[in-house]
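Undergrad:
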Amino acid sequence: NQMAKWQAMSGGVLTMPLVLRVSVGNKYGAQHSQDWSALCAHIPGLQVFFPATPYDAKGMLNLALCRTDPVVFFESQRLYTEPEQFVRDGVPIDYYEVPLGEPVIRRQGRDVTILTVGATLYRALAAADQLAAEDGLNAEVIDLRFLNPLNYAPLVASVQKSGRVLLTSDACTTGSFLHTVATTLTKEAFYYLDAPPLVIGAQDWITPPAEMEALFFPQVEWIVDGVRRLVGRQV
Numbered sequence: 410n411q412m413a414k415w416q417a418m419s420g421g422v423l424t425m426p427l428v429l430r431v432s433v434g435n436k437y438g439a440q441h442s443q444d445w446s447a448l449c450a451h452i453p454g455l456q457v458f459f460p461a462t463p464y465d466a467k468g469m470l471n472l473a474l475c476r477t478d479p480v481v482f483f484e485s486q487r488l489y490t491e492p493e494q495f496v497r498d499g500v501p502i503d504y505y506e507v508p509l510g511e512p513v514i515r516r517q518g519r520d521v522t523i524l525t526v527g528a529t530l531y532r533a534l535a536a537a538d539q540l541a542a543e544d545g546l547n548a549e550v551i552d553l554r555f556l557n558p559l560n561y562a563p564l565v566a567s568v569q570k571s572g573r574v575l576l577t578s579d580a581c582t583t584g585s586f587l588h589t590v591a592t593t594l595t596k597e598a599f600y601y602l603d604a605p606p607l608v609i610g611a612q613d614w615i616t617p618p619a620e621m622e623a624l625f626f627p628q629v630e631w632i633v634d635g636v637r638r639l640v641g642r643q644v
């Protein structure tokens, strides 16, 4: 309530160069694993970053630390040991920043668009491989990286190409910020859609112990089944 508003309430006299790091996602049960990024993304004045790769984690944290706006920096606990897979030479030693609000295409495709936040990127890529092998479907996978601000232009372009979009994150389905993304895409690409957007999130319940997380957080099979429903191939 304070850090999101001080700049505006002071008429621009004050700045709020504050970065709040938040770890979510797995292994810590009911109180520390829930993804509550939607709470922050819906508050004007807060910027919300959510990297999924080591390269982006460094570049986005550098960016956040240089902002005069408050940033809530979400980190998925399950990715702390994940190696860099998308930058050939790994994470650079030198300073760099990731462009503010820009999503990135992790896998090119034409039949369906899959949008991810955080750790669901890797499950979506695995699902895309399975769909290609078993169904002949070529899925485009886009890592949002940012919830607020977010450049929708690349997302709209992808949906206009594919006609179908599935959105997935580890946040509970009800109240997920991905519903806001889905609504915006429906408005901006309505006449290109062959099916309504589908949001796949965690179960609408308290995060369970680590041993039961596969029943709670989105799995590869959930994404595969969701895409098959979108294209009309679900039995």
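410 is the number of the first residue of the sequence shown in my numbering; add one for each residue after it.
Cβ atoms here follow ideal geometry from the backbone N, Cα and C, with glycine treated the same way.
Please read these numbers as outputs of a predicted model, since none were measured by experiment.
(1) Which whole-angstrom value describes the C-beta separation of L602 and L639, a residue pair presumed to lie in contact below a C-beta threshold of 8 Å?
(2) Name the DSSP beta bridge partners of C475, please?
(3) Can you give the Cα-Cα distance for S571 and Q494, rounded to whole angstroms?
(4) Does the pairing of the segment 497-509 with the segment 530-538 give three or more beta-carbon distances under 8 Å?
(5) Leaving out five residues before and five after E511 in sequence, what residues of the same chain have Cβ atoms less than 8 Å from its Cβ?
(6) Distance, Cα to Cα, T593 vs T522?
(7) What residues match up with E549 in a beta bridge as DSSP calls it?
(8) State the Cα-Cα distance for the pair M425 and D478, rounded to the nearest angstrom.
(9) Helix or strand or just coil, what does DSSP make of S571?
(10) Please check the pair Y505 and N471, which I expect to be a contact at CB under 8 Å, by giving their CB distance rounded to whole angstroms.
(11) Would you mind working out which of G434, V565, L429, S442 sits nearest L530, comparing C-alpha positions?
(12) To which residues of the same chain is R515 closer than 6 Å at the C-beta, ignoring the five residues directly before and after it?
(13) List the residues that DSSP assigns as beta-bridge partners of L564.
(14) Does the distance from the C-beta atom of D544 to that of T583 stay below 7 Å?
(15) According to the neighbour-count rule (16 or more other Cβ atoms, all chains shown, within 10 Å of its Cβ), is M621 buried or exposed?
(16) If contacts are defined as beta-carbon pairs under 8 Å, then S442 and V457 qualify, I think. What distance do you get, rounded to the angstrom?
(17) So, G527 versus A461, is the Cβ gap smaller than 7 Å?
(18) Compare the Cα-Cα distances from R573 to each of T589, G610, L524, A473 and report the closest residue.
(19) Determine the direct distance from the alpha carbon of S567 to that of F626, and round the result to whole angstroms.
(20) Got a sec? Which residues, its chain only, sit under 7 Å from A604 by beta carbon, not counting five neighbours each side?
(21) Suppose the cutoff is 6 Å on Cβ atoms and the five residues either side in sequence are ignored; what does the same chain contact list for M469 look like?
(22) Quick one: Cα of W631 to Cα of C581, how far?
(23) State buried or exposed for R430, treating a residue as buried only when at least 16 other CB atoms are found within 10 Å of its CB.
TA: Once the coordinates are examined:
(1) Sequence index remark: in the sequence shown, residue 602 carries index 193 (1-based). Sequence index remark: in the sequence shown, residue 639 carries index 230 (1-based). The pair is not a contact, with the Cβ atoms about 10 Å apart (cut-off 8 Å).
(2) The residue labelled residue 475 in the question sits at position 66 within the sequence shown. C475 is not bridged to any residue.
(3) What you label residue 571 is simply residue 162 of the sequence shown in a count that begins at 1. What you label residue 494 is simply residue 85 of the sequence shown in a count that begins at 1. Answer to the nearest angstrom: the Cα atoms are 25 Å apart.
(4) Short answer: they don't touch.
(5) Residue numbering aside, residue 511 sits at position 102 when the sequence shown is read from its first letter. Apart from the 5 residues on each side of it in sequence, E511 sits with its Cβ closer than 8 Å to the Cβ of R554, F555, N560, P563 in its chain, given in chain order.
(6) Here residue 593 refers to the residue found at position 184 of the sequence shown. Here residue 522 refers to the residue found at position 113 of the sequence shown. Here the C-alpha atom of T593 lies approximately 15 Å from the C-alpha atom of T522.
(7) Stepping through the sequence shown from its first residue, residue 549 is reached at position 140. BP columns for E549 point to T522.
(8) Taking the first residue of the sequence shown as 1, we reach residue 425 at position 16. Taking the first residue of the sequence shown as 1, we reach residue 478 at position 69. Cα to Cα, the separation comes out at about 5 Å.
(9) Locating residue 571 in the sequence shown gives position 162, counting from the first residue. If DSSP states are grouped into helix, strand and coil, S571 belongs with the helices.
(10) In the sequence shown, residue 505 corresponds to position 96, counting from 1. In the sequence shown, residue 471 corresponds to position 62, counting from 1. Separation of the CB atoms of Y505 and N471 is rounded to 7 Å, and the pair is thereby assigned contact status at 8 Å.
(11) By one-based count along the sequence shown, residue 530 stands at place 121. Considering only alpha carbons, the answer is G434.
(12) Position 106 of the sequence shown, counting from 1, holds the residue named residue 515. Contacts found: V550, D552.
(13) Within the sequence shown, the letter at position 155 stands for residue 564. L564 pairs with nothing; no bridge assigned.
(14) Locating residue 544 in the sequence shown gives position 135, counting from the first residue. Locating residue 583 in the sequence shown gives position 174, counting from the first residue. Their beta carbons are not under 7 Å apart, which means D544 does not touch T583 by this criterion.
(15) Here residue 621 refers to the residue found at position 212 of the sequence shown. Burial call: exposed.
(16) The sequence position of residue 442 within the sequence shown is 33, counting from 1. The sequence position of residue 457 within the sequence shown is 48, counting from 1. With 8 Å as the limit, S442 and V457 do not qualify as a contact, their Cβ atoms being about 18 Å apart.
(17) Counting from 1 along the sequence shown, the entry for residue 527 is found at position 118. Counting from 1 along the sequence shown, the entry for residue 461 is found at position 52. Taking a C-beta distance under 7 Å as the contact criterion, G527 and A461 qualify as a contact pair.
(18) Position 164 of the sequence shown, counted from the start, is the residue given in the question as residue 573. R573 has its Cα closest to that of L524, out of T589, G610, L524, A473.
(19) Locating residue 626 in the sequence shown gives position 217, counting from the first residue. Locating residue 567 in the sequence shown gives position 158, counting from the first residue. Between F626 and S567, the alpha-carbon positions lie close to 26 Å from each other.
(20) Within the sequence shown, residue 604 is the residue found at index 195, counting from 1. Same-chain partners within the cutoff: R573, L639.
(21) As a working mapping, residue 469 is identified with position 60 in the sequence shown. Cβ neighbours of M469 within its own chain (closer than 6 Å, five residues either side excluded): F458, P460, V507.
(22) What you label residue 631 is simply residue 222 of the sequence shown in a count that begins at 1. What you label residue 581 is simply residue 172 of the sequence shown in a count that begins at 1. When rounded, the separation of the alpha-carbon atoms in W631 and C581 is 14 Å.
(23) For the purposes of this step, residue 430 is taken as the residue at position 21 of the sequence shown. Exposed, since its Cβ has fewer than 16 Cβ neighbours within 10 Å.
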